[in-house]
Each structure stands twice: as structure tokens, then as C-alpha cells.
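Per our numbering, the very first residue in the sequence shown carries number 5; after that it's consecutive.
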Amino acid sequence: MSETQKQQLEQQLWNIANELRGKMDADQFRDYILGFIFYKYLSEKMYLYANKILKQDKVDYLDIKERSKEGKAIIEAVKENALE
5 MSETQKQQLE
15 QQLWNIANEL
25 RGKMDADQFR
35 DYILGFIFYK
45 YLSEKMYLYA
55 NKILKQDKVD
65 YLDIKERSKE
75 GKAIIEAVKE
85 NALE
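The following block contains the structure:
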């Protein structure tokens with residue numbers, strides 16, 4: 005993703021947030037957004053953890069082809085390792 009695309013995405017997210025805030029009170033908005041923030045936190049932690057595990061195989065988690073047989077096996081192995 006280019007820097008311009010990131011800036012456009014950020015602006016669009018702010019526009020959406022502003023629109024949502026207009027339709028709900030601050031407490032509702034906070035609860036709604038906290039779920040997204042928590043999901044982002046967990047996603048980032050899982051990505052870093054997966055790359056730590058996959059480092060020995062010189063594989064980056066984002067490069068895994070999720071639909072391939074090998075990709076599914078790698079993802080399943082990461083899941084199992086994360087749950088241990």
C-alpha cells in the first residue's frame with residue numbers, strides 16, 4: 005500500500021468515525037470503537053507471533069497463500085502453536 009493510499013484510507017476512516025459519532029452518544033461510540041481497537045491489537049500480536057514462529061523457515065505470514073494446501077497446513081500449525 006502506497007503512502008498516498010494510506011493517507012486516503014486514514015481520511016476515509018476519520019470520515020466514517022465522524023459520521024458514526026453523529027448518530028450515537030459518546031459511550032456507545034466508545035464501546036463500538038474499543039472492539040475494533042482490541043481486534044487490531046490481537047491481529048498485530050498474532051501477526052508478530054506467527055512471524056516469530058515462521059522465521060526459522062524464512063516465511064512471512066503475509067506471504068502465505070491461504071487457499072493452497074501448503075498454506076492451510078502452515079496456518080493450522082501456527083494456530084495450534086499459538087494455543088499451546
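Built from N, CA and C at the ideal position, the CB exists for glycine as well.
Exercise for the section: Mark residue 78 as exposed unless 16 or more other C-beta atoms lie within 10 angstroms of its C-beta, in which case mark it buried. Expected result: If you number the sequence shown from 1, residue 78 lands on position 74. Residue 78 comes out buried.
Exercise for the section: Check the C-beta distance from residue 75 over to residue 69 and give it rounded, since I have them as a contact under 8 Å. Expected result: Numbered from 1 along the sequence shown, position 71 holds the residue referred to as residue 75. Numbered from 1 along the sequence shown, position 65 holds the residue referred to as residue 69. Yes, residue 75 and residue 69 are in contact; Cβ-Cβ is about 4 Å, under 8 Å.
Problem - Residue span of the alpha helix (DSSP H) that contains residue 50, given as start and end - result: Within the sequence shown, numbered from 1, the residue matching residue 50 stands at position 46. That run of the alpha helix (DSSP H) goes 30-58.
Problem - For residue 69, the three-state DSSP class (helix, strand or coil) - result: Here residue 69 corresponds to residue number 65 of the sequence shown, with the count starting at 1. DSSP places residue 69 in coil when its eight states are reduced to three.
Problem - residue 88 (DSSP reduced to helix, strand or coil) - result: By one-based count along the sequence shown, residue 88 stands at place 84. Looking at residue 88 - three-state DSSP - the assignment turns out to be coil, as it is neither helix nor strand.
Exercise for the section: Mark residue 81 as exposed unless 16 or more other C-beta atoms lie within 10 angstroms of its C-beta, in which case mark it buried. Expected result: As a working mapping, residue 81 is identified with position 77 in the sequence shown. Under this definition residue 81 is an exposed residue.
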